[in-house]
Amino acid sequence: MNGEQELLWKILALIATSISIPVLWWLIRHERSHGVDRAESGQRRSDDKTAVESRLTTLESKASGAQRQIEDCRHMHDEMKGRVGQLEQTERDCREDIRDKLAGLAQDVALTNNNMQHILRELRKKNGANVQVNDGQMERGEEGH
């Protein structure tokens with residue numbers, strides 16, 4: 855039902871119930887003002903619809919920008935994971951090299967220590983001195999006392 859038909863039904867209902875003319879007159883004026891309100895409301899709805907569509911377009915644009923940023927972040931994240939993997943491999947390689955070098959140095963020190971002990975024993979025999987080797991330290995004593 856449109857607004858005019860609705861008004862006619864209300865008028866007929868008032869007449870049928872024998873309501874006074876001033877009440878009927880008030881009802882007619884009230885319905886007219888609602889008609890103006892409805893027209894303004896329709897314009898407001900149209901303006902609201904335009905504003906909502908504009909806001910929706912803005913939000914879609916922001917969402918698209920955010921999606922691009924997310925994709926960029928994922929790409930950077932993947933790059934960083936690759937770099938971290940490379941750094942971890944480099945660290946493992948360095949640790950292995952250090953272990954190998956330390957093992958080599960330990961062997962060199964042990965060999966040098968053995969050589970020094972051998973040299974000290976030879977010196978003791980040659981000089982006849984009482985030279986004792988204790989944990990790599992040399993103590994010199996005197997013979998015959």
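Counting in this note's numbering, the sequence shown runs from 855 upward without gaps.
Note that CB positions come from ideal geometry on N, CA and C, so glycine has one too.
Quick caveat, the model's predicted, so the values are computed rather than measured.
If you reduce the DSSP assignment to three classes, tell me which class residue i lands in.
i, result
"Gly1016", "The displayed coordinates of the chain run from 855 to 999. Any statement about residue 1016 would go beyond what the structure contains."
"Gly995", "In this prediction, Gly995 has a pLDDT of 48, which is less than 50 and means its spatial position is unreliable; what the coordinates show is noted afterwards. In the structure shown, Gly995 sits in a strand (DSSP, three-state: E or B)."
Closer than 8 angstroms, CB to CB, is residue i near chain C or not?
i, result
"Gly958", "The chain labelled as chain C is not found in the depicted structure, where only one protein chain is given."
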